[in-house]
Amino acid sequence: MSEKKRGVLVLYTGSSGVGKGTIMQELLKNDSSIRLSVSNTTRNPREGEIDGVHYNFVTKEQFTALIDEDGYLEYAQYCDNYYGTPKKQVEDMLNQGYNVFLEIEVQGGLQIMEKYPDVLSIFILPPSMESLERRLRRRGTEDEETIQKRLEAAKYEIGFKDKYKYNVVNGELDVAVNEVLDILHRAVNESN
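Heads up: the sequence shown begins at 16 in our numbering, then just goes up one per residue.
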């Protein structure tokens with residue numbers, strides 16, 4: 016019996032509202048080798064979000080206890096909440112041969128690139144800042160102050176796009192999904 020190949024670790028980043036989650040839903044439907052790492056967060060769930068599926072919703076005390084145990088691949092504070100990637104969960108999936116996507120923001124992404132220089136890094140971009148603002152407003156999940164914070168954060172985050180090996184513009188969903196899948200499949204073939 017042949018030994019199962021270790022999966023590819025994928026750093027998957029983009030600014031808030033760029034459509035990372037929508038692309039990810041399509042990737043998961045189209046490729047059974049893909050797993051999404053479920054991050055821990057101290058923020059409250061949005062309507063429809065399920066604990067353990069979209070995020071692991073934890074208290075600030077639970078989050079900081081895992082920091083003290085060196086239990087995160089990366090973590091960051093963003094818009095007054097903590098977000099982090101639990102280390103054990105990711106390692107288990109990679110060892111089972113799955114390609115694990117870390118859907119995280121720029122701060123965490125920089126930490127991952129420092130610790131794992133060979134990580135497959137993909138930055139999702141909006142077609143324009145105007146389209147990004149329209150997407151954020153259409154979601155209807157945040158007040159004006161939060162939208163402005165997210166737009167300012169997006170301008171800052173997009174400034175790091177050149178640190179990523181690949182940039183994918185999410186103008187048309189199908190095109191963006193296929194581009195990410197092509198990048199992943201090339202990386203998997205190179206690792207075999």
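We put the CB at the ideal spot given by N, CA and C, even for glycine.
Residue range of the alpha helix (DSSP H) that includes residue i
i           : result
residue 45  : 35-45
residue 171 : 159-173
residue 122 : 121-130
Closest residue to residue i among the options (Cα-Cα distance)
i           : options         : result
residue 177 : 138, 134 and 56 : 138
residue 104 : 24, 20 and 197  : 24
residue 110 : 95, 202 and 22  : 22
residue 188 : 75, 41 and 143  : 41
Beta strand (DSSP E) segment containing residue i, residue limits
i           : result
residue 28  : 24-29
residue 106 : Where residue 106 is concerned, there is no enclosing beta strand (DSSP E), although the alpha helix (DSSP H) it sits in stretches over 102-110.
residue 181 : 181-184
residue 118 : 114-118
Three-state secondary structure assigned by DSSP to residue i
i           : result
residue 136 : strand
residue 193 : helix
residue 1   : With the chain represented from 16 up to 207, any question about residue 1 goes unanswered, as that position is not in the structure.
residue 50  : strand
residue 55  : strand
residue 156 : coil
residue 66  : strand
residue 73  : coil
Whole-angstrom distance between residue j and residue i, CA atom to CA atom
i           : j           : result
residue 35  : residue 29  : 7 Å
residue 73  : residue 99  : 11 Å
residue 119 : residue 27  : 6 Å
residue 190 : residue 148 : 21 Å
residue 195 : residue 201 : 10 Å
residue 44  : residue 83  : 36 Å
Environment of residue i [buried if 16+ CB atoms lie within 10 Å]
i           : result
residue 80  : exposed
residue 16  : The predicted position of residue 16 is uncertain, since its pLDDT is 44 and thus under 50; no value can be drawn from it.
residue 183 : buried
residue 65  : exposed
residue 67  : exposed
residue 56  : buried
residue 141 : buried
residue 132 : exposed
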